[in-house]
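Participant: In terms of this note's numbering, the sequence shown opens at residue 41 and continues consecutively.
Glycine included, C-beta positions come from ideal geometry on N, C-alpha and C.
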Amino acid sequence: MNIKTKQTYYKLFINGEWVEAQESATFEVVDPATNEVIAHVAKGEEKEATLAVDAAAEAFKTWSKTPARKRANLMWDLYDKVLENEEELAQLITKEAGKPLKQARLEVKNGAEYIRWNAEEARRVYGTTVESTFPSKRLHIKKEAVGPVAAITPWNFPFSMIARKISPAIAAGCTIVLKPAEQTPLSAIKFFEIAAEVGFPKGVMNLVTGTPNAIGDTWLSDKRIRKITFTGSTAVGKMLYKKAADQMKRVSMELGGHAPVIVFDDCDLDAAVKQIAGSKFNNCGQACISPNRIYVQESIIDEFTEKLEKMVARLKVGHGLNDNSDVGPLINASGLEKVKSHVNDAVEKGATVVTGGEPFAENGCENGFFYMPTILKDVNETMKIANEETFGPVAPILSFTSDEEVIEKANDTDYGLAAYIFTTNLSRSHKVSEALEYGMVGVNDTLLAQVEGAFGGVKESGIGSEGGPETLRDFLESKFISTTI
Ligand code: NAP
Numbered sequence: 041m042n043i044k045t046k047q048t049y050y051k052l053f054i055n056g057e058w059v060e061a062q063e064s065a066t067f068e069v070v071d072p073a074t075n076e077v078i079a080h081v082a083k084g085e086e087k088e089a090t091l092a093v094d095a096a097a098e099a100f101k102t103w104s105k106t107p108a109r110k111r112a113n114l115m116w117d118l119y120d121k122v123l124e125n126e127e128e129l130a131q132l133i134t135k136e137a138g139k140p141l142k143q144a145r146l147e148v149k150n151g152a153e154y155i156r157w158n159a160e161e162a163r164r165v166y167g168t169t170v171e172s173t174f175p176s177k178r179l180h181i182k183k184e185a186v187g188p189v190a191a192i193t194p195w196n197f198p199f200s201m202i203a204r205k206i207s208p209a210i211a212a213g214c215t216i217v218l219k220p221a222e223q224t225p226l227s228a229i230k231f232f233e234i235a236a237e238v239g240f241p242k243g244v245m246n247l248v249t250g251t252p253n254a255i256g257d258t259w260l261s262d263k264r265i266r267k268i269t270f271t272g273s274t275a276v277g278k279m280l281y282k283k284a285a286d287q288m289k290r291v292s293m294e295l296g297g298h299a300p301v302i303v304f305d306d307c308d309l310d311a312a313v314k315q316i317a318g319s320k321f322n323n324c325g326q327a328c329i330s331p332n333r334i335y336v337q338e339s340i341i342d343e344f345t346e347k348l349e350k351m352v353a354r355l356k357v358g359h360g361l362n363d364n365s366d367v368g369p370l371i372n373a374s375g376l377e378k379v380k381s382h383v384n385d386a387v388e389k390g391a392t393v394v395t396g397g398e399p400f401a402e403n404g405c406e407n408g409f410f411y412m413p414t415i416l417k418d419v420n421e422t423m424k425i426a427n428e429e430t431f432g433p434v435a436p437i438l439s440f441t442s443d444e445e446v447i448e449k450a451n452d453t454d455y456g457l458a459a460y461i462f463t464t465n466l467s468r469s470h471k472v473s474e475a476l477e478y479g480m481v482g483v484n485d486t487l488l489a490q491v492e493g494a495f496g497g498v499k500e501s502g503i504g505s506e507g508g509p510e511t512l513r514d515f516l517e518s519k520f521i522s523t524t525i
């Protein structure tokens, strides 16, 4: 797929066809590393959103009855084709989201793994028979696809978030209408090109790029859509959840986070620093599970900070297409402004900049939205950075003394997505991970987006999870059939 001009802009994919939006309306996609327009994409509104539901509702009649083995076979083909197209997909992710190419390649592989896992799970949907109190009755609980599903996804992992939503839905027998983020529609479009080549029946997967509230409101008010699966901010998630309540639509919500990392003085410090730096600066800190508050036990805080500083000094900032870049740009100007305001607020309230602390505008990065990898120490709970998602390359270090104190501080947030602890004490690892009010806890581990695990949050970080053995559960309903014989 080449990046095209406005004359040959990218279209919507509805009912197996590439179609224009009304009056050929388009919006621009910008490379955040250069602030240049790189593509024009069809701007769908209510009309296109409704056409997509028409297609998904019609296709549901046959797709939900298609044998699971056949659905799984198509998904295996999709998995193979995604990997064949890995490099092109990765380059698109880098161009539209700014992510370094090596990280974009990992994202494609990770997304593909979800397609494969859900293809495997498609054939493992089991009903139940239950003995009745009455000898003349036979009781049967059957699993059925929930119906046509609407999916809305964010820009920070533009490919894998789509794979994580589409693949369990179609594995369960649902059809789907998808709206990707406006900043990053190109990898989504490529995904649909690949799906079209694989030969999914028309209407099973439909793509509508365009105006978020027009598309979202249309889908939420259409009774034929039986479920919404959303990944994005808690604020937008809450709004969609309220609207979904009107028709009792099923919801899955993967929302924001504010991950605490607890570094105990008995940990393997070198291993902890390596993992924390890797996770913090991955995707320029723009991840829902990115470490947001790094609590380090007082006795090792100086040693930890020195080691982290050495690690950060090795990071190369630059355009993601440069092979040696480790940290790309923020997604846009407002993303950069948010990082600046959080750092300024922290410094005004007493934090110290260990390294970084400013935008980066050298070596070809003059026009993009780059910020230097930054470490702040002397951070405390009065600062914005200790409470709100910064979504940037800033590592804030806070100190603690006792287990009880740090558990209370770590839990003192409305978010509950991911938390991390570093310790070699087995008993402490169990006690603390059980006391943390989070959907996911990494113990000496920051790699949580593993397909075999259940990725999801509690409290205001979401409802439901993606991946793992229960991955199809959210796309299935239980039907109870009681028969008198
Ligand atoms: P966002 O602003 O909430 O947007 C997410 C999606 O919702 C985008 O497609 C956006 O469209 C759409 N949207 C916005 N307003 C809408 C409306 N009124 N009706 C329907 N759709 C609407 O979030 P983001 O900035 O893209 O992503 C960052 C957030 O996602 C962070 O909070 C991060 O923690 C969270 N996240 C969570 C997970 C997880 O698994 N828990 C994973 C990744 C990201 P437009 O882009 O077109 O505005």
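Please work out which residues of its chain come closer than 6 Å, Cβ to Cβ, to A285, disregarding the five sequence neighbours upstream and downstream, and give them in chain order.
Facilitator: No residues qualify anywhere along the chain.
Participant: How about the segment 194 to 210 and the segment 220 to 230: do they share at least three Cβ pairs that are nearer than 8 Å?
Facilitator: Touching, yes.
Participant: Do three or more CB pairs link the segment 89 to 107 to the segment 326 to 334 at distances below 8 Å?
Facilitator: Cβ pair count under 8 Å is below three, so no.
Participant: Using the C-alpha atoms, what's the distance from L123 back to G151?
Facilitator: Those two C-alpha atoms are separated by around 10 Å.
Participant: Report yes if the CB atom of N337 is closer than 8 Å to the CB atom of D305, and no otherwise.
Facilitator: In the sequence under discussion, the amino acid at residue 337 is Gln, which differs from the Asn named in the question. Yes; because the gap between Cβ atoms is below 8 Å, this pair is in contact.
Participant: Among the candidates A401, K289, K424 and T345, whose CA atom is the shortest distance from the CA of I381?
Facilitator: According to the sequence as given, residue 381 is Ser; it is not Ile. That would be K424, whose Cα lies nearest to the Cα of S381.
Participant: Here's the rule I'm using: 16 or more other beta-carbon atoms within 10 Å means buried, otherwise exposed. How should I371 be labelled?
Facilitator: I371 is buried by the Cβ-count criterion.
Participant: How would you call A353, buried or exposed, if buried means at least 16 neighbouring beta carbons within 10 angstroms?
Facilitator: Classification of A353: exposed, given that the 10 Å Cβ count is below 16.
Participant: Cutting at 7 Å between CB atoms, please list the residues of its own chain near V387, excluding the five before and the five after it.
Facilitator: If we look at V387 and ignore the five residues flanking it on each side, its Cβ neighbours are V393.
Participant: For E128, report the span of its alpha helix (DSSP H) as first-last.
Facilitator: E126 to A137 is the span of the alpha helix (DSSP H), which, as asked, contains E128.
Participant: Please confirm whether any heavy atom of the ligand NAP lies closer than 7 Å to the CB of K205.
Facilitator: Flag unset: Cβ of K205 not near the ligand NAP.
Participant: What's the C-alpha gap between K347 and S473?
Facilitator: Taking the straight line from one Cα to the other gives about 25 Å.
Participant: Would you call E147 buried or exposed, if buried means 16 or more other Cβ atoms sit within 10 Å of its Cβ?
Facilitator: E147 is buried by the Cβ-count criterion.
Participant: Along the beta strand (DSSP E) that carries P331, what are the first and last residues, could you check?
Facilitator: Per DSSP, P331 belongs to the beta strand (DSSP E) from P331 to Q337.
Participant: Relative to the C-alpha of V434, which candidate in V383, K389 and Y455 has its C-alpha closest?
Facilitator: For V434, the nearest C-alpha among the options comes from V383.
Participant: What is the residue span of the beta strand (DSSP E) that R290 lies within?
Facilitator: Looking at the DSSP string, the run of the beta strand (DSSP E) that includes R290 is R290 to E294.
Participant: Given a threshold of 16 other Cβ atoms within 10 Å of its Cβ, counted over all protein chains shown, does P509 qualify as buried or as exposed?
Facilitator: P509 comes out exposed.
Participant: At which residues does the alpha helix (DSSP H) containing D385 begin and terminate?
Facilitator: Segment A373 to E388, the alpha helix (DSSP H) holding D385.
Participant: Is Y460 helix, strand or coil by DSSP?
Facilitator: Of the three classes helix, strand and coil, the one that applies to Y460 here is strand, per DSSP.
Participant: Short check: CB of R111 to CB of V186, under 8 Å?
Facilitator: No, the Cβ-Cβ distance between R111 and V186 is not below 8 Å.
Participant: Looking at the ligand NAP, does it come within less than 7 Å of C328, judged from the CB to the closest heavy atom?
Facilitator: Answer for C328: yes, Cβ within range of the ligand NAP.
Participant: Please classify T168 as buried or exposed, where buried requires at least 16 other C-beta atoms within 10 Å of its C-beta.
Facilitator: Exposed.
Participant: Between which two residues does the beta strand (DSSP E) harbouring H80 extend?
Facilitator: Unbroken beta strand (DSSP E) run through H80: E76 to A82.
Participant: Measure from the alpha carbon of T74 to the alpha carbon of each residue in E406, Y50 and S518, then state which is nearest.
Facilitator: Ranking the options by Cα distance to T74, first place goes to E406.
Participant: Taking one C-beta from the segment 297 to 315 and one from the segment 458 to 469 each time, how about it: are there three or more such pairs within less than 8 Å?
Facilitator: Enough Cβ pairs lie closer than 8 Å, so yes.
Participant: Is E161 buried or exposed, if buried means 16 or more other CB atoms sit within 10 Å of its CB?
Facilitator: Counting Cβ neighbours within 10 Å, E161 comes out buried, since at least 16 surround it.
Participant: Just tell me which of H298, K142 and K417 has its CA closest to the CA of V498.
Facilitator: The shortest Cα separation from V498 among H298, K142 and K417 belongs to H298.
Participant: In whole angstroms, what is the alpha-carbon distance linking A236 and I525?
Facilitator: For A236 and I525, the distance between alpha carbons rounds to 47 Å.
Participant: Using 8 Å as the threshold, is the segment 177 to 197 in touch with the segment 78 to 87, meaning 3 or more CB pairs across them?
Facilitator: Because the criterion of three Cβ pairs below 8 Å is not met, the segment 177 to 197 and the segment 78 to 87 do not touch.
Participant: Ignore the nearest five residues each way along the sequence and tell me which others in G358's own chain have a CB closer than 6 Å to its CB.
Facilitator: Contacts found: S365.
Participant: Please name the residue in V189, S172 and P188 whose C-alpha comes closest to that of I181.
Facilitator: Looking at the Cα atoms, S172 is the closest of the given residues.
Participant: Could you check whether the Cβ of S374 sits closer than 7 Å to any heavy atom belonging to the ligand NAP?
Facilitator: Checking the Cβ of S374 against the ligand NAP gives no.
Participant: Out of curiosity, what's the CA-to-CA distance linking E68 and N253?
Facilitator: For E68 and N253, the distance between alpha carbons rounds to 18 Å.
Participant: List the whole-angstrom C-beta distance separating V291 from I503, where the pair is believed to meet the contact cut-off of C-beta under 8 Å.
Facilitator: About 6 Å separates the two Cβ atoms, so the contact holds.
Participant: Touch check for the segment 412 to 420 and the segment 434 to 446: three-plus C-beta pairs under 8 Å?
Facilitator: Counting Cβ pairs under 8 Å, three or more are found: they touch.
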